[in-house]
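Beneath this line is the structure, given in structure tokens, with notes to follow.
In this note's numbering, the protein residues as written are -12 to 153.
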């Protein structure tokens, strides 16, 4: 979920890379899987999913680091080549059409909150999930949780990906 202005900006620690998001995220995951715990060095990862076409690189370039993922399909992590901060990922199952923005890299991360907690079977026991917020043991069916606007944006993305490339 996002509040306020539909534009969000973010970047790395050293300032070499800056980016901007136009429009609200499709959905925001708070992922408690062990892979995310190891990658972030903490209890979970907070990722805002958005169409890559709504992500603009304002300054600098990112380097792509390939890593394994829980699904077995891997992920491409976009990092700053200077400070090596992870800014966003593209997961193997979704290709490059959707970026998983690391919410902590936003200038105003308080404007983006989780829509769902996933992989709660490996959640740290001291993490308390707020009452009323969806939480699932593993992954989930998008149709069961995503709002209609996000499902429509996803449908358009899938349609675009299925068109033959010229």
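All C-beta atoms, glycine included, are put in the ideal place defined by N, C-alpha and C.
Asked, Found
"According to DSSP, is residue 95 part of a helix, a strand, or is it coil?", "coil"
"Under 8 Å by Cβ, that's how I've got residue 48 and residue 12 pegged, so tell me the actual separation to the nearest angstrom.", "No, residue 48 and residue 12 are not in contact; Cβ-Cβ is about 23 Å, not under 8 Å."
"Taking the alpha carbon of residue 51 as the point to measure from, which residue in 135, 71 and 58 has its own alpha carbon closest?", "71"
"What residue range is occupied by the uninterrupted beta strand (DSSP E) comprising residue 54?", "50 to 54"
"Determine, using beta carbons only, whether residue 102 and residue 14 come nearer to each other than 8 Å.", "yes"
"I'd like to know whether the C-beta atoms of residue 107 and residue 123 end up nearer to each other than 8 Å.", "yes"
"In the DSSP assignment, what residue or residues form a beta bridge with residue 46?", "5"
"Under 8 Å by Cβ, that's how I've got residue 8 and residue 88 pegged, so tell me the actual separation to the nearest angstrom.", "7 Å"
"Which residue from 40, 33 and 86 puts its Cα closest to that of residue 76?", "86"
"Kindly indicate which residue of 82, 65 and 146 has the alpha-carbon position closest to the one of residue 4.", "65"
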